[in-house]
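If you read the sequence shown in the numbering used here, its first letter stands for residue 708, the second for the next number, and so on.
Worksheet: one structure, shown below.
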Amino acid sequence: MKWKILGLSAALYFLFSPVLSAQLVDLARVDFTILPSGASNFEFSRIRGNFNYPLKLKNEKGYLFLGLDYSNINFVYNQEELSFDSEVITEFQIIDLNIAYVVKLKNDWMLGARFSPGISSNLKLFDSSAEDIVFSGDLVFIKDMKDESKTNPYRLIVGISYSGNRGFPVPLPFLSYYRKFHPRWSYDLGIPKTNLQYHFSEKNRLKLYAQLDGFTANINGGTPVDQDIAQSINMSLILAGFQYECHFKDYFEFYLRTSYILSRDVQLRDSKKDDIFLIDDSNGGYISTGLRIKI
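So, in C-alpha cells, the structure goes:
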C-alpha cells in the first residue's frame, strides 16, 4: 500500500514538473496565463490543459501513465510596423502525448522515465506537418520520504530533462529537494522550479518561488524577416513571484500566481536554430491562475 501511494504521487510529481508545469500531484489541470504588454509592444496569453491516467502494472512493480497536454498561445503586437508578417505568428498550438513509466527500486528509490512526442506549430493541429513534430523526455531517480509521521520528511529527485517545445530546447538537469522543516514551513530547491512555502492551514498556502517558463514552436513554411527566413519562434522566461493555493473538496486546488519576469527573450530563429530577430526582451508582469485535480 505504501508503494502504491508513494509511487503514484512521486510519479505524477515528476511527470508534471518539467518547465511550465506545477510541482504537485496532478491528475488534471487547466490554467490561463497572461503577460500584459506594459511598457513593451508585445503581449502573450496562454490557455493550457492536461490530464494523466495511471495504469497499475502486474506484480505491483510499476505504473504506466498516459496523458495529453494541450496549449493554445496567442501573441498581440502593439506596433504597426514590423519586419515580419505578424499574422503568420499570432497563434500557436502545442500538444504532447505523455507516456511515462515508474518502477520501484531498492532502498526507497524509484526510477521514472517519460517520453512525449508532440506537435508545436503556428498551424491548426489537423493542418500540421512533419516539420511541426517535437520530442521531449525525462529520466529521473526519485526518493520520496514525505510520510508526515517521519521527522523532517523530504523528497529527492535527480535526473535529466529535455523539452523541444518549452522555451529551453536543450538538455537540462532535473533537480528537486523538498523538505518540511517546520509545521508551517517547507522548501523545494531545484531546477526548473524553486520555492519556499508557508502553510497557513491544511487548505491554504503561500509560496515564494522562482522558475523557468516559455515555449518553442515551428513556423510552418517559414516567414521572411529582413534578409532571412524565420522557421521557428522561441520564448524563454525566468520568473520570480508569489503563488497562493486554496485546497478544497479533498482533490481540488485553486491557485493564483503573480510574478515578475527577471529575464525574457523572445526570438525568431532560422533553420539552424540561430536567433535572427528579437521580438521582445523587456521585463514585466506575469499572471497565471488555474484549477487542479490531484491525489
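We put the beta carbon where it would ideally sit given N, CA and C, even for glycine.
Alpha carbon to alpha carbon, what distance is there between residue j and residue i?
i	j	result
Met852	Pro878	27 Å
Leu846	Gly866	6 Å
Pro725	Phe875	At Pro725 the pLDDT is 42, less than 50, meaning the model places this residue with poor confidence; the figure from the coordinates comes in the next sentence. Their Cα atoms are separated by approximately 11 Å.
Tyr869	Gly844	5 Å
Asp933	Phe984	9 Å
Phe758	Gly774	5 Å
Ser828	Pro890	46 Å
Trp816	Asp792	51 Å
Tyr770	Arg755	25 Å
Gly948	Asn902	10 Å
Leu772	Ile806	The question names Leu, yet the displayed sequence has Phe at residue 772. C-alpha separation (whole angstroms): 6 Å.
Asp982	Ile968	21 Å
Ala998	Phe955	As written in the sequence, residue 998 is Leu, which differs from the Ala given in the question. Cα to Cα, the separation comes out at about 11 Å.
Leu789	Val737	33 Å
Asp776	Gly921	15 Å
Ser752	Leu946	16 Å
Arg862	Tyr894	11 Å
His1026	Ser747	This structure cannot settle anything about residue 1026, because the visible part of the chain is limited to 708 through 1002.
Glu750	Tyr884	34 Å
Ser939	Gln918	23 Å
Arg886	Pro880	20 Å
Tyr951	Phe888	20 Å
Ile986	Pro761	40 Å
Which stretch, first to last residue, makes up the beta strand (DSSP E) that contains residue i?
i	result
Asp987	Asp982 to Asp987
Gly991	Gly991 to Lys1001
Asp733	Asp733 to Leu742
Leu764	From DSSP, Leu764 is part of no beta strand (DSSP E); its letter is neither H nor E.
Pro949	What sits at residue 949 in the sequence shown is Phe, not Pro. Run containing Phe949: Asp935 to Phe955, per the beta strand (DSSP E) assignment.
Asn902	Lys900 to His906
Pro931	Asn911 to Val932
Gly866	Tyr861 to Ser870
Hey, is residue i's beta-carbon within less than 8 Å of any beta-carbon in chain C?
i	result
Leu913	Within the model displayed, chain C is absent; a lone protein chain is all it includes.
To the nearest whole angstrom, what separates the beta carbons of residue i and residue j, a pair I think is in contact under 8 Å?
i	j	result
Arg976	Asn941	6 Å
Asn872	Thr923	5 Å
Val824	Ile801	For the sequence presented, residue 824 should be read as Pro rather than Val. Not a contact, Cβ separation roughly 12 Å.
Asn927	Ser836	6 Å
Leu882	Ile898	5 Å
Gly819	Ile849	6 Å
Lys686	Asp733	Outside the shown range of the chain, which is 708 to 1002, sits residue 686, and nothing can be said about it.
**Request:** Any chance you could list the beta strand (DSSP E) runs of at least 3 consecutive residues sitting entirely within the region 766-848, in chain order?
**Result:** 769-784, 798-811 and 816-828
**Asked** Would you call the region 946-959 and the region 972-983 touching, i.e. three or more CB-CB distances under 8 Å?
**Response** no
**Asked** Does the region 734-749 come close enough to the region 985-1001 to have 3 or more Cβ pairs within less than 8 Å?
**Response** yes
**Request:** Would you check if there are 3 or more beta carbon pairs closer than 8 Å linking the region 780-791 to the region 808-815?
**Result:** no
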